Structure formats: structure tokens, C-alpha cells
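Quick note on this note's numbering: the sequence shown kicks off at 1213 and runs consecutively.
Don't be surprised by glycine CBs; every beta carbon is placed ideally from N, CA and C.
All values reported here derive from a predicted model rather than from experimental measurement.
Inspection log for the structure reproduced underneath, given as C-alpha cells.
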Amino acid sequence: MVGYSAAGDRGRTEPYRWRARTPGVTAATPDLAPAGRPRAVDFYDRLHDNLRARESQLARRPPRPDSRRVSAAAGVPPELGSRRTFKVCGNVACSELATVPTTAAFVGQKVAVYVDDTLPPDGFSPEDFVRLGTLFDQHIYPVDTAAFGRESDVDGNGLVFLVMTKQINRLCFDAGGIVTGYFFGRDLLASEPNSNGAEVFFSLVPDFHGTSGCRVTKDFVERVLPPTFGHELQHMISYNHHVLVRAGPSEETWLNEGLSHFAEELAGRSVPNGFCVANDCFSQFTLNDVSNAYRYLQAPDDWFLVYPIGSTGRLAERGAAWLLTRWLVDHFGGTPALTRRLVATGQTGAANVAAATGRPFDGLLGQWHLANFVDDLPNFVAADPRLRYPSWNWRVTFPALRAQSPALYPRAFPLAPDSTSGQYDFAGTLRGGSGRSLRVLIPAGGRPVDFRLSDLAGGNLPPDAAARVAVVRIR
């Protein structure tokens, strides 16, 4: 069974107590669960937190009469070798900007690659830019747009720009870690001050010696840039459909991130291996998602599914959002039917999920939490097909990761529920969308066990905590 919070309001927390007892049996020493674990600290990408928060503010403003005004060059695709300057975030708050001169190194049917005119030495060659541009243009762009819909075209040239600049490398000192790239919805609002007035995504560049910021190898950029492009393109498409097309709020960050991480997986299943490191696109595009999911399942009650406002999710929380999105796609229409319903809408967050699936959010979460443990469980056949992931076999995938790196993946299967035969007492915090798993071991003919999910004093939890219990019989 799983005790969880189905609260759809972002960042909702509630102290709670979960107790079990066998009536008529007094235990001198009950099975007392720990009072809670300290939360692990991940690198928190403050740049993306700031950008998503500012996008929400922009979406709430009344539209300007000229909000879609385009530049004088509108409708004219750039030529190979043409020059253009872009305004790039100069710090993680994006309160300062750098003006970066660039040159078009690749121009395809849907994607153009602009390159900083002053790149660090020993980086990408002209052939590398063409290879990357071709990968994005012919493979990643079609995957994303088929699954989620079309991006906007505020400058009328039919292209998405990838701007590769050392300015992104410089952000590492302010951010506290490497920033791979970003999309900012302001760039789609041509009349906003400092908007680039174009569909643009910015990325870091190789810098082996760290002359422009943190040391970043060419191999690292080749690994992270293709998944990052698919990830950020989904954000761009989402902003178009929610804000520009429907003049509504931007998608809540937890679901937006779940869809963007799902975009990475989709590309990993579609891009030809010849474009990828070690000739293995599936691993290159999905490894971080699977690793984040592992982190989440190690301690689901330590993390949010429905992130607080202003957060783009720690790594484990991004793993939760991807897992839920993957599970929803498996059971409610697949790609592109469900994914397009989730993007082409004015609904957001939990309400969006409920509308797209036709099911209440609280019931969906209960099934999902149970599926996270019982999927492909040996000697168990789920009566409800939703208690599984048809697209993944986690009891093969996670042990394979552990075999490769036992220090990073200490358990063959990350989710290890507490167990009790009748006496249990746990105090902790319910976090929005997440919960705690418990196995109840009752022999044939054994006494029943009573459970209560309550506040710390044993009273009722407030209704807006949306506390729920989901149960499945394994034996």
C-alpha cells in the first residue's frame, strides 16, 4: 500500500503520522519507522528556476497590442555565413544581458545553428556544426513536433535557432554548476524589452581549458547537447500553445519538465545510432532520466512530484515527473494522442492531467505509485493493467545500472517499502504528489490490521492535503 498526497497545488506539504496495529495485540516494541531522512542536496539549476518563474509572470500580463511584432528581417531565412547578434543571459537571474555576435554555421529546413564569433580553441569544427545541425533538423525536431505540436513562428522565417556561445559557459560560476543551455519565453514576445524576437535556444560550447568559464570537454557537449535540444524545444512548443495561442498561463513546471524529459526519451528511441556517442542513442538520451527516476524511487516521500512555485525540480523530482508522464502515455492514448492533448490546451498541472486522461488526478496517482513497485514484480500478475509500465521493465533496467555502477545505484531495485506484520508507526511530511510505500505481511488466517493516516496528534488531516491510501494485494 501507499500513503500519498494527491494535492495538485504546487509545493503543498503536510506533517502526518501513519500508524498500524493488530486489534487485540499489544506490541512492547512496535515496528517503528525512522522519523524521516535528511533530504539529499542536488545541484539546483537556478537559471531555469528563474526563467520559468519569469515566464509565468509574462504570461499573466495583459497582451500588448504589438506583442507579436517581428523584426524587419521577418520572413527571410538566414543564409549560411550570415551574421546576427543575440541577447544572452549574463547571470542566472537573467537580470544582466550579454550581446553576442554570431555567424550561421548551418541552415536547414527547420533549424539554423548560429555560432559565437569568438569560440574557445580546440572545440567543434565546421563539420561538427553541420552534423549537429543535421541531427536537430532531420531527427530531433520532427520527433518533438510530431509528439507535442508546432512551435510558434514569431519572426516568420519557419526556423528554430540554436545559438552556441561561450556566454553560457560563463554562467557556471554564478549558477554553481554547468549550465547546458536554456529557452526563455520572453524571446517569443517581440515587443518585450530585451527579447530576441525569435524561436531561439542557447547552448554551451566545448572549452577544454576553461578559458570562458568552467572546463567543458567536447565529449561532454556532444553527449548532453542533443537531449537538451529536444528537452528545450518541448518547452518552446508548450509556451506557444499555452501562452501565445490561448493567451493563458504557462504550463506548471512539474508537468512541463515531465513532458520535456519524455521528449528526451522519444528522441532516444528514434534518432539513428550513427549520430550518437558510442553508437547508442537510447542510452545517451535516456540515461539521465532513468538515473533521476532511480533517485526518486529510493525515497519517494523525500521529494515532490508537484514542485513548489519557482522550482524546476531537483534531479529526483524531475525523475518523478518523467516517470508519471511515461506511465500516463503508456495507458491513456500514447504518442501523439495524449502528449498533444497535454500541450494544446489552456489547462495546466493536475487539472490538465485529469482532463487529458478523463480520470481524477488523485486516483491516477494511487495507481501510479503502486505501479512503481509492482511493475514486473516476480510471481505477481496485476489484475489492473495500469499497475505496470508496458514500455519499460524496471526490474531488468535498474539491476543493469547497478551492475555497471554499484556506488551510484546501491540497490538492484530502488524502491524498498517498509514492512510490518501488524505494528507500525511513522511520522513524516506529505509532499505534493508523493508518498510512502508499506508492505503488510499477514499470513493466511491471520488477524486483520488497522491503519490510520492522520496528523501528528492523531486527528484528521486537512482536506486540502488530499491524503490518500492506495492498496494492492500481492499474494
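Contact between G1558 and H1473 does not hold, since the beta-carbon distance rounds to 23 angstroms and is not under 8 angstroms. With 16 or more neighbouring CB atoms inside 10 Å of its own CB, A1324 falls in the buried class. Judged by DSSP in its simplified three-state form, E1529 adopts helix.
Shortest Cα-Cα distance from A1583 to any of P1660, R1685, A1490 involves R1685. By the CB criterion at 7 angstroms, W1466 and V1541 fall outside the cutoff. Under the three-state reduction of DSSP, G1470 is assigned to helix. Within the same chain, Cβ atoms closer than 6 angstroms to the Cβ of A1567 are found at Q1559, the five residues on either side in sequence being excluded. The beta-carbon distance between N1262 and A1305, rounded to whole angstroms, is 5 angstroms. This is short enough to meet the 8 angstroms contact definition. For W1230, the enclosing beta strand (DSSP E) covers residues 1225 to 1233.
A contact between stretches requires three or more CB pairs, one per stretch, nearer than 8 angstroms, and the region 1284 to 1302 meets this requirement with the region 1404 to 1422.
Between the alpha carbons of D1667 and G1215 lies a distance of about 13 angstroms. Taking L1400 as the centre and dropping the five residues before and after it, the same chain places the C-beta of S1364, V1366 closer than 6 angstroms to its C-beta, in chain order. Assignment of C1493 by DSSP, reduced to helix, strand and coil, places it in the helix class. M1376: member of the beta strand (DSSP E) spanning 1372 to 1376, first to last residue.
Inter-residue distance for G1645 and T1225 is about 10 angstroms (C-alpha atoms, whole angstroms). Annotated three-state conformation of R1222 is coil, per DSSP.
In this model, P1660 and L1270 are separated by some 55 angstroms (Cα to Cα). Here the alpha carbon of Y1353 sits roughly 18 angstroms from the alpha carbon of E1469.
Taking a contact to require three or more Cβ pairs closer than 8 angstroms, the region 1338 to 1347 and the region 1389 to 1404 do not qualify as touching. In chain order, T1314, T1315, A1317, F1341, M1376 place their CB closer than 7 angstroms to the CB of V1327, counting only its own chain and leaving out the 5 sequence neighbours on each side.
DSSP places L1627 outside both helix and strand once states are collapsed to three, so it counts as coil.
In this structure, E1477 is the residue among R1507, E1477, S1503, K1322 with its C-alpha nearest to the C-alpha of F1494. Counting only unbroken stretches of 3 or more residues, the beta strand (DSSP E) elements lying wholly within the region 1588 to 1652 are 1630 to 1632, 1636 to 1643, 1647 to 1652, in sequence order. Setting aside the 5 residues that flank it on each side, S1217 is surrounded in the same chain by R1224, E1226, L1642, R1643, G1644, G1645, S1646, G1647, A1677, A1678, A1679, each with a C-beta closer than 7 angstroms to its C-beta; the list follows chain order. Counting only the Cα atoms, S1450 lies some 6 angstroms from V1555.
For V1555, the secondary structure class from DSSP, reduced to helix, strand or coil, is helix. DSSP lists R1648, V1681 as the bridge partner or partners of G1215.
Take T1609, set aside five residues on each side of it, and the residues of its chain with a beta-carbon closer than 7 angstroms to its own are V1502, in chain order. For D1662, the closest of A1639, A1656, L1673, T1632 by C-alpha to C-alpha distance is T1632. The residue from Q1321, A1310, S1307 with its alpha-carbon nearest to that of P1289 is Q1321. Rounded to the nearest angstrom, the gap between the Cα atoms of G1368 and R1507 is 43 angstroms. With respect to the C-alpha of L1383, the residue from N1303, A1359, L1535 having the closest C-alpha is N1303.
A distance below 7 angstroms between beta-carbons, with the five flanking residues on each side excluded, links A1265 to the following residues of its chain, in chain order: G1522.
Sequence-distant Cβ neighbours of F1487 in its own chain, meaning closer than 6 angstroms and more than five residues away, are L1347. Here T1465 carries a helix assignment [DSSP, helix/strand/coil]. Counting along the chain, the unbroken beta strand (DSSP E) around A1324 starts and ends at 1323 to 1328.
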